[in-house]
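Here this note's numbering is used: the first residue of the sequence shown is 1257, the next is one more, and so on. Ideal placement from N, C-alpha and C gives every residue a C-beta, glycine not left out.
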Amino acid sequence: MKKLVIMLVCMFAVHTMVMADNDKPIEVSQLPAKAQTFIKTYFKDHKVAMAKLESGMFYKSYDVVFTNGEKVEFDKSGEWKEVRCRQSGVPAQIVPEAIRNYVKTNYPDARILQIEYDDNEYEIKLSNRWEITFDSKMRVIDIDD
């Protein structure tokens, strides 16, 4: 019995290592519909350099990289999780209004270069190198430089 348990644990460990970081290039048309709509709405003038599906044992996500280096990450249902636009800045319509107003008031010369949404928190990175985290009620909960 002991040998069987050890063998099963070893098989599970090997399977986990094989499945880890399983990236697969895909066509934009293979993205979830929400992701395709997002790209057509906010990045219609951008050319896609690469789209890929990242999957593991317990997660699935999609990355889209544009030829200018900008990048969008989507969750398994096609909701955006991260938008990185180091050249042009994140499209304003993506950023919640409260965050846009906060940045405009407190950092009027800065642009939002990256926004990430995770666990009911938004984290933004500004062109002045500040990183600001907001909670679900759009209150600032952390600022780093």
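With fewer than 16 other Cβ atoms inside 10 Å of its own Cβ, residue 1399 counts as exposed.
Comparing alpha-carbon positions, the option among 1364, 1351, 1367 lying closest to residue 1390 turns out to be 1351. A contact between stretches requires three or more CB pairs, one per stretch, nearer than 8 Å, and the stretch 1277 to 1296 meets this requirement with the stretch 1307 to 1320. Counting along the chain, residue 1354 sits inside the alpha helix (DSSP H) bounded by residues 1353 to 1362.
Residue 1378 is not a Cβ neighbour of residue 1368, given a cutoff of 8 Å. Across the set 1365, 1304, 1355, the C-alpha of 1355 shows the shortest separation from the C-alpha of residue 1397. Under the DSSP definition of a beta bridge, residue 1369 lacks any partner.
Counting of Cβ neighbours within 10 angstroms places residue 1353 among the exposed residues, the total staying below 16.
Excluding its 5 nearest sequence neighbours in each direction, residue 1332 has C-beta neighbours in its own chain below 7 Å: 1316, 1317, listed in chain order. Residue 1303 places its beta carbon less than 8 Å from that of residue 1322. When DSSP states are grouped into helix, strand and coil, residue 1311 belongs to the strand group.
In the structure shown, residue 1346 adopts coil according to DSSP, grouped into three states. In the three-state DSSP reduction, residue 1322 falls in the strand class (E or B). The residues 1291, 1294, 1328, 1329, 1330, 1350, 1373, in chain order, have a CB closer than 8 Å to that of residue 1336 in the same chain once the five nearest residues on each side in sequence are set aside.
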